[in-house]
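Counting from 1, one number per residue, gives the positions in the sequence shown under UniProt numbering. Here's the structure, in structure tokens; my notes come after.
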Amino acid sequence: MQNCLNTRVQKEFRQKSSFLAELRALYSSGDPSKWPKPILDPDAVPYFSEIGHLPEVSFPEDNPYSADKALLGKTLFFDPRLSRSNQIACASCHDPELGWGDNRTFSFGHDRQLGIRNAMTIMNSAYAKPLFWDGRASSLEEQSHMPIQDEREMGEHIDIATGKIAKINGYGILFEKAFGDKTVTKDRIAKAIATFERTIKSGTAKFDLFISGKADAYSDDELMGLHLFRTKAQCMNCHNSGYFSNNRFENVGTALLGETGEDLGRYLVTKKPEDAGKFRVPGLREAARTGPWMHNGSMTSLTEVIQFYSKGNPEYAQKRSTVHEGITLNSEKSTFVRLLDLTDQEISQLEAFLRTLTTKTERVVPPALPK
Ligand code: HEC
Ligand code: HEC
């Protein structure tokens, strides 16, 4: 009897380890066409591209890359003189040591007022389109003026901010190197900041090493997490491509309609009722260091995020409807989110995988501010 049981256990063990060995060989083969097929919803297929390395950043034709422009942009990004109080820089809320975010539920800005959304990282924002949780900015250039003017953020009129920069002599040479002459305009400020942001891209993560052939880079749990992400957990219906987002707007049941903290998300931009409660699918590279998570920072651990998906993104009945400007709006959750019933082990494997998409914190030396 004992012998017989032992043989069975050994057989199961052998089967499991040969399954893992096979998965490991396929995923680390360096050839994604050999990977097991993903489990996708038919409606997700048109917006799907396989996960993988981040592609090269492309710079727009009317704002090509130059090292001088990126340096000017970096200097402006760290310069609090763009704000009304001369105290708040972009880097106050997008701090390189905090994954270029601020690790707060809501950021505080001008006069220490709290914002209403969680600060996104600017890492890999070159791949995000459109920008913001609700997509209200169509390019990084356009986006860059918004926090300067936002009353709760930097609280300064863009023309006044531009005038202040123009009066700082030391900026002349930086603008000249970047644009050919010393003229400071709001358009040039936008172009320089956007160029700098496009250079803030994740380096090689453990995931990249593993899929390009370093078979022993992953533990068994990380490997299983990758496989679950592409199959049973169906995360790739939305989080796909090298950026781990299809850049679409989806409702995953986080909008709290009719409750304190209600956020209509994409609806505020499009005014289409079906967009109520939709947010841009965020990329997941670096996600492990940009908590708390979701547009409202409501989730304080990755485990909590994955448990929420596992339960099929439950929304309380009383939080699914609201009246906004006389219009009744309902939260229509994406049909891609459904009960997954993941085991505790699967949840921790998914989390282990997500952590392999994160790179080490780099210490960035803030540039000297021109006088
Ligand atoms: C007071 C804090 C604060 C300051 C200052 C601030 N931001 Fe942000 N940033 C945020 C928040 C919060 C969001 C998300 C807002 C939303 O989606 O509605 C955000 C979003 C962004 C995004 C969008 C990223 C994406 O993936 O869509 C970019 C890019 C960005 N900020 C760049 C900047 C730049 C450039 C500056 C300076 C000119 C700046 N921020 C200043 C808090 C701040
Ligand atoms: C229907 C599309 C969809 C699916 C499927 C999906 N997500 Fe998301 N995910 C989103 C959206 C949209 C958000 C942002 C929601 C918000 O801000 O309220 C998000 C947010 C997240 C965040 C937080 C990121 C941040 O920076 O705050 C993580 C982590 C995450 N998802 C992981 C997963 C995992 C793991 C799976 C699979 C179990 C998954 N997602 C499945 C659309 C999806």
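Glycine included, C-beta positions come from ideal geometry on N, C-alpha and C. The model shown is predicted, which means the values in this text are computed figures rather than measured ones.
- Counting the other CB atoms within 10 Å of its CB gives GLN143 a total of 16 or more, which places it among the buried residues.
- Of the other Cβ atoms in all chains shown, 16 or more fall within 10 Å of the Cβ of GLY155; this residue is therefore buried.
- Proximity of the beta carbon of MET224 to ligand 2 is not indicated: no heavy atom of the ligand is located closer than 7 Å.
- With a cutoff of 8 Å on beta-carbon distance, LYS319 and LEU257 are scored as near each other.
- Within the model, the alpha-carbon separation for ASP79 versus TYR171 is close to 11 Å.
- In terms of Cβ geometry, SER28 and LYS206 do not form a close pair [threshold 8 Å].
- Annotated as distal: GLY101 and ALA128, with beta-carbon spacing of 8 Å or more.
- Under the DSSP assignment, SER321 falls outside any alpha helix (DSSP H), being part of the beta strand (DSSP E) whose first and last residues are 321-324.
- For THR270, the enclosing alpha helix (DSSP H) covers residues 267-270.
- Closest in alpha carbon position to VAL323, among SER348, LYS333, GLY277, is GLY277.
- Collapsing the DSSP output to three states places LYS278 in a strand.
- Here ARG230 is buried: its Cβ has 16 or more other Cβ atoms, across all protein chains shown, within 10 Å.
- For the options ARG8, GLN234, PRO64, the alpha carbon positioned closest to that of PHE244 is the one of GLN234.
- Nearest to LYS164 by C-alpha distance, out of ASP221, ILE200, ILE148, is ILE148.
- Closest option to ILE122, judged by alpha-carbon separation, among PRO96, GLY261, ALA166, GLN113: PRO96.
- By the neighbour-count criterion, in which a residue is buried when 16 or more other Cβ atoms sit within 10 angstroms of its Cβ, GLN10 is exposed.
- Look at MET236 here: in three-state DSSP terms it is helix.
- Scanning the stretch 194-255 for uninterrupted alpha helix (DSSP H) segments of 4 residues or longer gives 206-211, 220-230, listed from N- to C-terminal end.
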